[in-house]
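J.:
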Amino acid sequence: MGNYTELLRLLAYLVGIIAFAALNAAYLVWLERKEAAHIQRRIGPKEVGPYGLLQPLADGIKLMTKQLIVPAGADVILFKVAPLLILAPAIASFVTIPFSETLVARNINLGLLMIFAFASLNVMGVLIGGWGSNNKYAVISAARAVSQNVAYEIPMLITAITMVMVAGTMNLNEIVMQQPNIFKWYIFRFTASPLMPVAFLIFFICSLAETNRAPFDMAEAESELVAGAYTEYSGMGFGVFFMGEYANVVIGCSLATILFLGGWQSPFGVPADAHWSLFLFKPGILWFLIKLYLLCFTVIWVRWTYPRTQFYGLLNLSWKYLIPISLFNLLLTGAMLKVFQS
Amino acid sequence: MISADSLTELVFLVLAGITVLGALIATNAKRLIRAVSGLAVCLIGVAGLYYFLHSPFVALMEMLIYVGAVCVTIVFAVMMAEPFPERHAKISPLSGYLSFAVAILVFVGVAGLGVKTAWKAAGSTVNSGALIEVGKSLLTTNSMVFELISIVLLLAIIGSVALARAGREK
Amino acid sequence: MSGYFNDLFSGTKSLAVGMGITLKYFFEPVVTLQYPHETLKMTPRFRGHIDLVKDEETGESKCIVCGMCQKACPSGCITVEGEKKEGAKKKTLSSYTLDFTKCSLCGLCVENCKPEAITFSKDYNLAGPSREAYVFDLVKRMKERCSP
Amino acid sequence: MSHLAQTQTQETFVLNLGPQHPATHGVLRVKLVMDGEYIVHAEPVLGYIHRMHEKMGENRTWAQFMPNTGRLDYLSALSYNFGYAAAVERAAGITVPERAEYIRVITTELNRISSHLLWFGAFVLDLGGFTPLLYAFDDREQILDLLESVTGSRLTYCYFRFGGVYNDIDDNFVPGSLAFIKRLRARMPMYHDLVTKNIILMKRLIGIGPISAEMCRRYGATGPVLRGSGVQFDVRKNEPYSVYPEFNFDIPVYHECDSMARYMVRMDEIEQSMRIIEQACNKLPEGPIMAEKAPKIIKPAPGDYYFSVEAARGSFGVRIVSDGTNTPYRLKLRSPTFSNLSLFAEASQGMLLADALALMGSLDLVIPEIDR
Amino acid sequence: MNSQLLYNSLELYLVIGALLFAIGFYGILSGRTFISMLISSELVLSGASINFMAFNRFLAPDPTVGQIFTLFIMAIAAAEAAIALSIIIAVYRNYKSIDTDEMVELKG
Numbered sequence: 019m020g021n022y023t024e025l026l027r028l029l030a031y032l033v034g035i036i037a038f039a040a041l042n043a044a045y046l047v048w049l050e051r052k053e054a055a056h057i058q059r060r061i062g063p064k065e066v067g068p069y070g071l072l073q074p075l076a077d078g079i080k081l082m083t084k085q086l087i088v089p090a091g092a093d094v095i096l097f098k099v100a101p102l103l104i105l106a107p108a109i110a111s112f113v114t115i116p117f118s119e120t121l122v123a124r125n126i127n128l129g130l131l132m133i134f135a136f137a138s139l140n141v142m143g144v145l146i147g148g149w150g151s152n153n154k155y156a157v158i159s160a161a162r163a164v165s166q167n168v169a170y171e172i173p174m175l176i177t178a179i180t181m182v183m184v185a186g187t188m189n190l191n192e193i194v195m196q197q198p199n200i201f202k203w204y205i206f207r208f209t210a211s212p213l214m215p216v217a218f219l220i221f222f223i224c225s226l227a228e229t230n231r232a233p234f235d236m237a238e239a240e241s242e243l244v245a246g247a248y249t250e251y252s253g254m255g256f257g258v259f260f261m262g263e264y265a266n267v268v269i270g271c272s273l274a275t276i277l278f279l280g281g282w283q284s285p286f287g288v289p290a291d292a293h294w295s296l297f298l299f300k301p302g303i304l305w306f307l308i309k310l311y312l313l314c315f316t317v318i319w320v321r322w323t324y325p326r327t328q329f330y331g332l333l334n335l336s337w338k339y340l341i342p343i344s345l346f347n348l349l350l351t352g353a354m355l356k357v358f359q360s
Numbered sequence: 002m003i004s005a006d007s008l009t010e011l012v013f014l015v016l017a018g019i020t021v022l023g024a025l026i027a028t029n030a031k032r033l034i035r036a037v038s039g040l041a042v043c044l045i046g047v048a049g050l051y052y053f054l055h056s057p058f059v060a061l062m063e064m065l066i067y068v069g070a071v072c073v074t075i076v077f078a079v080m081m082a083e084p085f086p087e088r089h090a091k092i093s094p095l096s097g098y099l100s101f102a103v104a105i106l107v108f109v110g111v112a113g114l115g116v117k118t119a120w121k122a123a124g125s126t127v128n129s130g131a132l133i134e135v136g137k138s139l140l141t142t143n144s145m146v147f148e149l150i151s152i153v154l155l156l157a158i159i160g161s162v163a164l165a166r167a168g169r170e171k
Numbered sequence: 391m392s393g394y395f396n397d398l399f400s401g402t403k404s405l406a407v408g409m410g411i412t413l414k415y416f417f418e419p420v421v422t423l424q425y426p427h428e429t430l431k432m433t434p435r436f437r438g439h440i441d442l443v444k445d446e447e448t449g450e451s452k453c454i455v456c457g458m459c460q461k462a463c464p465s466g467c468i469t470v471e472g473e474k475k476e477g478a479k480k481k482t483l484s485s486y487t488l489d490f491t492k493c494s495l496c497g498l499c500v501e502n503c504k505p506e507a508i509t510f511s512k513d514y515n516l517a518g519p520s521r522e523a524y525v526f527d528l529v530k531r532m533k534e535r536c537s538p
Numbered sequence: 006m007s008h009l010a011q012t013q014t015q016e017t018f019v020l021n022l023g024p025q026h027p028a029t030h031g032v033l034r035v036k037l038v039m040d041g042e043y044i045v046h047a048e049p050v051l052g053y054i055h056r057m058h059e060k061m062g063e064n065r066t067w068a069q070f071m072p073n074t075g076r077l078d079y080l081s082a083l084s085y086n087f088g089y090a091a092a093v094e095r096a097a098g099i100t101v102p103e104r105a106e107y108i109r110v111i112t113t114e115l116n117r118i119s120s121h122l123l124w125f126g127a128f129v130l131d132l133g134g135f136t137p138l139l140y141a142f143d144d145r146e147q148i149l150d151l152l153e154s155v156t157g158s159r160l161t162y163c164y165f166r167f168g169g170v171y172n173d174i175d176d177n178f179v180p181g182s183l184a185f186i187k188r189l190r191a192r193m194p195m196y197h198d199l200v201t202k203n204i205i206l207m208k209r210l211i212g213i214g215p216i217s218a219e220m221c222r223r224y225g226a227t228g229p230v231l232r233g234s235g236v237q238f239d240v241r242k243n244e245p246y247s248v249y250p251e252f253n254f255d256i257p258v259y260h261e262c263d264s265m266a267r268y269m270v271r272m273d274e275i276e277q278s279m280r281i282i283e284q285a286c287n288k289l290p291e292g293p294i295m296a297e298k299a300p301k302i303i304k305p306a307p308g309d310y311y312f313s314v315e316a317a318r319g320s321f322g323v324r325i326v327s328d329g330t331n332t333p334y335r336l337k338l339r340s341p342t343f344s345n346l347s348l349f350a351e352a353s354q355g356m357l358l359a360d361a362l363a364l365m366g367s368l369d370l371v372i373p374e375i376d377r
Numbered sequence: 024m025n026s027q028l029l030y031n032s033l034e035l036y037l038v039i040g041a042l043l044f045a046i047g048f049y050g051i052l053s054g055r056t057f058i059s060m061l062i063s064s065e066l067v068l069s070g071a072s073i074n075f076m077a078f079n080r081f082l083a084p085d086p087t088v089g090q091i092f093t094l095f096i097m098a099i100a101a102a103e104a105a106i107a108l109s110i111i112i113a114v115y116r117n118y119k120s121i122d123t124d125e126m127v128e129l130k131g
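Protein chains in written order, with my numbering: chain A, 19 to 360; chain B, 2 to 171; chain C, 391 to 538; chain D, 6 to 377; chain E, 24 to 131.
#1: Just to make sure I have the definition right: I need the residues of chain B whose C-beta is within less than 8 Å of the C-beta of residue 71 of chain E. Which are they?
#2: State buried or exposed for residue 87 of chain A, treating a residue as buried only when at least 16 other CB atoms are found within 10 Å of its CB.
#3: Just list the beta strand (DSSP E) runs in the segment 453 to 523 of chain C, keeping only unbroken ones of 3 residues or longer that don't cross its boundaries, in chain order.
#4: Would you identify the three-state DSSP class for residue 315 of chain D, choosing helix, strand or coil?
#5: Three-state secondary structure (DSSP) at residue 283 of chain D?
#6: At 4 residues or longer, and completely inside the segment 35 to 105 of chain A: list those alpha helix (DSSP H) runs for me, N to C.
#7: Hey, does residue 116 of chain D have any beta-carbon neighbour from chain C nearer than 9 Å?
#8: Could you give the distance in angstroms between the alpha-carbon of residue 430 of chain C and the alpha-carbon of residue 514 of chain C?
#9: Return the residue from the list D/331, D/333, D/339 and D/335 that minimises the CA-CA distance to residue 322 of chain D.
#10: Within 9 Å of any Cβ in chain E, is that where the Cβ of residue 81 of chain B sits?
#11: Would the C-beta of residue 142 of chain B count as close to the ligand MN, meaning under 8 Å from any of its heavy atoms?
#12: For chain C, check one thing: does any of its Cβ atoms lie closer than 9 Å to the Cβ of residue 163 of chain D?
#13: With distance defined between alpha-carbon atoms, name the residue in A/138, A/270 and A/192 nearest to residue 224 of chain A.
#14: For a contact meaning CB atoms closer than 7 Å, what does residue 28 of chain D contact in chain A?
#15: Determine the DSSP secondary structure at residue 96 of chain D, reduced to helix, strand or coil.
#16: Going by Cα to Cα distance, which pick from D/28, D/27, D/46 and D/102 is closest to residue 36 of chain D?
#17: Would you kindly work out how many angstroms separate the C-alpha atoms of residue 13 of chain D and residue 115 of chain E, rounded to a whole number?
#18: Under 9 Å, Cβ to Cβ, is there at least one residue of chain D near residue 494 of chain C?
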């Protein structure tokens with residue numbers, strides 16, 4: 019019987035994760051529209067449901083009822099597989115993210131590595147979709163996406179390695195366990211490296227670039243490449259791409275939360291005898307979601323503030339600033355760890 | 002009835018199937034882009050097999066390096082250098098058959114050797130898949146190789162940059 | 391080397407300032423008009439399409455069918471027709487048609503109208519299902535407007 | 006995959022930018038021969054919204070052509086009204102009363118500000134920043150409200166007449182304009198903080214898209230493009246018309262020749278226009294708004310006349326040939342952006358696509374004006 | 024440990040490895056373009072890696088050596104891909120073709 023419960027558990031998590039990813043995509047779009055509107059002193063969606071909360075539903079229905087057009091001369095199989103290639107790894111990555119102490123589908127020891135491994139499939143999706151749609155804008159966009167991802171994977175991985183050095187594990191839940199309150203969050207762990215906030219910034223910038231978010235959205239730069247790799251996608255093909263993009267944003271923000279901001283831990287710590295405040299301190303998922311969505315808010319906020327970077331600016335930033343600084347941080351952290359922990 | 006074992010078995014078979022299928026696509030596809038996609042599929046399957054071989058670390062590295070880096074690089078090269086309009090990879094029937102025969106021969110030989118040999122299991126040493134041991138081994142027993150590989154990678158970077166630049170200036 | 395760090399810090403600062411500005415506006419009230427629920431009142435000089443002016447004494451149009459508006463119109467979208475009733479000195483207006491599909495809202499017709507028989511309408515919510523919906527019979531419009 | 010067929014012989018491919026493309030702001034098509042992301046050769050293709058304005062002019066009376074001028078460059082329609090009205094006035098020998106000239110200047114300068122604000126937003130939009138566009142629209146809306154209350158229209162004003170203006174300004178106009186200037190003065194530092202000083206924008210504009218003065222001269226580029234190349238030329242100063250000599254204002258000139266220089270010229274021009282409006286509002290004389298001796302039906306003496314004004318995008322010239330009848334014999338419009346666009350082909354050579362689009366944005370194209 | 028299960032039999036892994044190796048071999052022999060040959064050689068390397076991993080899992084006394092070898096193969100493959108592709112692109116720039124048979128000049 020144990021086998022069945024295990025199976026059911028897995029199934030329940032799978033359904034839960036897909037629902038979470040889909041809901042997130044839908045409501046991040048809503049958040050994006052609302053936030054953009056308020057930054058620009060507009061109201062944003064407001065007609066469908068209270069505060070436009072049902073707008074994503076309407077959008078979803080619209081996307082689903084639209085015709086799926088496959089452009090002439092496109093490579094049909096690749097064209098249709100590409101959106102899934104973006105969404106599927108993102109959903110798979112959710113498997114190892116600890117939403118709370120117990121709420122994690124598979125508590126894998128190599129959780130961090132797994133997320134990076136799956137994230138690396140992302141590029142393939144953009145590449146194949148761009149190449150398969152027989153559109154020159156899409157091809158240029160695919161080429162951009164690759165160089166950008168390659169350039170930003172390096173500082174991101176270096177920063178992640180630094181964090182693994184500090185934490186001593188790649189198990190995401192254990193990393194969270196090590197940050198029980200705000201003073202022990204890794205972003206403020208100055209005994210490990212005085213550059214921790216900078217490392218957080220680098221990680222955040224890199225996750226923006228990895229998920230093709232503005233100001234690094236050169237792969238879908240609408241004023242240059244129309245919609246880049248997504249130019250030829252219509253209806254749900256585009257919808258799935260979109261969901262994948264937002265799922266990746268959520269993954270990036272979750273990872274930043276877990277690595278630097280204490281994951282599901284309350285910032286005040288949980289006193290041992292705190293029965294009265296159980297509700298305030300205990301529900302880890304609440305804290306996790308608050309931190310996660312604050313980061314998502316920042317991602318969107320950044321998008322509606324800056325103009326898009328140019329290609330050489332992007333590479334300059336990566337090679338001249340992010341990589342040297344993150345390497346320096348790696349060395350510094352190694353040295354500090356050696357000094358303080360031995 | 003399904004048991005967890007048979008389910009795992011099924012997953013394993015699917016992975017093995019993906020591996021072989023991907024390899025076949027990779028060698029037989031008419032268009033290079035599909036060949037690379039086949040390679041990526043095959044490598045994902047291989048990563049799955051590694052997982053079954055109790056090495057999740059290597060499996061994830063396989064995905065990170067092979068699928069995420071090598072395949073992407075190849076697709077990139079295809080985008081830059083693929084001949085258009087694509088000519089079908091025509092191959093003279095004789096050499097086609099010949100290479101097919103040779104491949105069959107190689108397969109029969111190697112697989113036969115693998116199946117026929119009575120492998121002496123080192124019974125007790127079941128690989129735990131622990132990352133720590135891999136790391137330790139990298140820095141102790143195999144540290145020389147570790148250093149060499151870094152030199153190889155450095156040379157590869159310098160070499161490819163030099164080659165690409167030389168082509169550009171022409 | 392100092393340029394490098396200078397770039398880094400001034401760049402970061404400029405980005406932070408930008409974020410501050412957008413955040414400030416995020417919390418400021420919206421400035422847009424919620425259009426279908428709220429509408430603007432048009433200014434007195436708003437140039438909509440033209441309408442005939444009713445003479446309060448006679449209850450008829452002030453138009454004397456001189457045809458100046460028709461002549462002044464650069465796009466030829468006005469057609470005025472009048473008839474001379476028996477016993478009357480002047481022509482009276484029988485039909486005044488505006489083809490709004492051609493009209494460019496320049497206002498030359500109103501400017502050239504001596505008896506001030508035409509004026510600008512304040513309509514701006516013009517939408518219609520077909521081209522024909524934009525061929526306005528202004529005499530009819532005037533009558534409709536005046537009979538509540 | 007036939008689109009890359011040229012790769013067999015050359016490493017280039019043709020990218021069709023437009024006629025519908027988010028960065029062309031209208032129906033402009035640019036045929037780009039690309040080597041990867043680098044532009045080897047660019048060829049602007051015009052004519053998608055050609056409406057034969059010049060020919061239309063020959064088939065209408067002098068007065069009837071006035072609405073057309075506002076439809077050339079719909080973003081600064083009053084400058085075009087101004088150019089045409091002044092040209093015909095020169096031909097017919099009409100003098101405009103001073104109050105009318107002042108009103109013309111105030112409204113035209115307001116219109117110039119609104120045009121530059123819209124350009125500013127659209128330019129940053131080209132560079133991928135969406136928000137400044139809406140902030141600029143917020144300010145521009147105030148101008149449109151002011152102009153609407155005077156002219157009755159928000160975009161195609163058709164406000165000037167031969168010998169004056171259509172109707173007098175209302176009571177709110179002068180205080181409204183001054184209040185608006187106060188508001189915009191307070192907003193300008195925000196624009197500079199949010200956009201001009203932004204490191205991303207600076208990296209994208211400084212040193213990008215160089216256009217030398219010599220090149221401007223060859224293509225006949227005028228306006229902010231020319232002034233961004235270090236040439237101090239402004240029709241308002243160099244060939245003064247109307248009451249401009251009475252105002253104290255500077256011509257912003259930048260010598261960097263890059264996109265940033267053109268950007269800064271326009272931003273500074275907003276300040277200068279505000280100065281002009283302030284002075285004009287304070288000095289606004291009383292009097293008639295139409296020349297008393299202006300004939301009802303214009304029949305200029307036979308001859309060839311030219312008049313140019315400084316529109317928001319450069320020097321707009323009207324050449325009219327009259328044969329003494331009530332319709333022009335020939336009407337030639339010299340539109341500034343046509344020259345500015347012509348130079349794009351040469352200037353964009355060897356540039357990256359994204360930079361070329363920044364360059365195109367900095368030229369401030371209004372396609373209907375190019376096509377006429 | 025149930026050794027009857029498919030995923031616990033060494034032989035099956037060896038067969039899969041051999042199959043990959045053979046397919047890759049066939050691909051190298053019959054490939055027409057440099058890139059397809061490169062892809063096939065990746066398959067050959069993968070086949071070898073599977074063998075290493077299988078032996079490591081079932082036979083080797085030291086549980087890490089096979090994994091490390093596989094990691095090295097990956098690194099080598101990545102380096103090889105980078106070099107090979109830059110060569111391909113350089114050749115392509117010069118000859119506008121990646122077809123092996125047209126590279127007569129290279130036979131020098």
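By construction, the Cβ of each residue, glycine as well, lies at the ideal position given by its N, Cα and C atoms. Keep in mind it's a predicted model, so treat the numbers as computed, not measured.
T.: Per the coordinate set shown:
#1: For the purposes of this step, residue 71 of chain E is taken as the residue at position 48 of the fifth sequence. Ordered by position in chain B, no residue passes the 8 Å Cβ test against residue 71 of chain E, which lies about 10 Å from the chain.
#2: Translated into positions along the first sequence, residue 87 of chain A becomes position 69. Exposed, because fewer than 16 other Cβ atoms sit within 10 Å of the Cβ of residue 87 of chain A.
#3: 468 to 473, 482 to 489 and 508 to 510
#4: The residue labelled residue 315 of chain D in the question sits at position 310 within the fourth sequence. Strand at residue 315 of chain D.
#5: Residue numbering aside, residue 283 of chain D sits at position 278 when the fourth sequence is read from its first letter. In this structure, residue 283 of chain D counts as helix in the three-state DSSP scheme.
#6: 73 to 83
#7: Counting from 1 along the fourth sequence, the entry for residue 116 of chain D is found at position 111. Cβ-Cβ to chain C under 9 Å: no for residue 116 of chain D.
#8: The sequence position of residue 430 of chain C within the third sequence is 40, counting from 1. The sequence position of residue 514 of chain C within the third sequence is 124, counting from 1. Between residue 430 of chain C and residue 514 of chain C, the C-alpha separation is close to 10 Å.
#9: As a working mapping, residue 322 of chain D is identified with position 317 in the fourth sequence. Nearest of D/331, D/333, D/339 and D/335 to residue 322 of chain D, Cα basis: D/339.
#10: Here residue 81 of chain B refers to the residue found at position 80 of the second sequence. Interface residue, yes.
#11: What this structure holds is no ligand at all, so the ligand MN is not there to describe.
#12: Here residue 163 of chain D is taken as the residue at index 158 of the fourth sequence, counted from 1. Output row for residue 163 of chain D: interface = yes.
#13: Mapped onto the first sequence, residue 224 of chain A falls at position 206. Measuring from the Cα of residue 224 of chain A, the nearest candidate turns out to be A/270.
#14: Numbered from its first residue, the fourth sequence carries residue 28 of chain D at position 23. Residues of chain A passing the Cβ test: 241 and 242.
#15: Walking along the fourth sequence from the start, residue 96 of chain D turns up at place 91. Helix, per DSSP.
#16: Stepping through the fourth sequence from its first residue, residue 36 of chain D is reached at position 31. Nearest option by C-alpha distance: D/46.
#17: Numbered from its first residue, the fourth sequence carries residue 13 of chain D at position 8. Numbered from its first residue, the fifth sequence carries residue 115 of chain E at position 92. Confidence at residue 13 of chain D is low in this model, with a pLDDT of 41, below 50, so the placement of that residue is unreliable and no value is reported for it.
#18: Here residue 494 of chain C refers to the residue found at position 104 when the third sequence is read from its first residue. Answer yes: the Cβ-Cβ gap between residue 494 of chain C and chain D drops below 9 Å somewhere.
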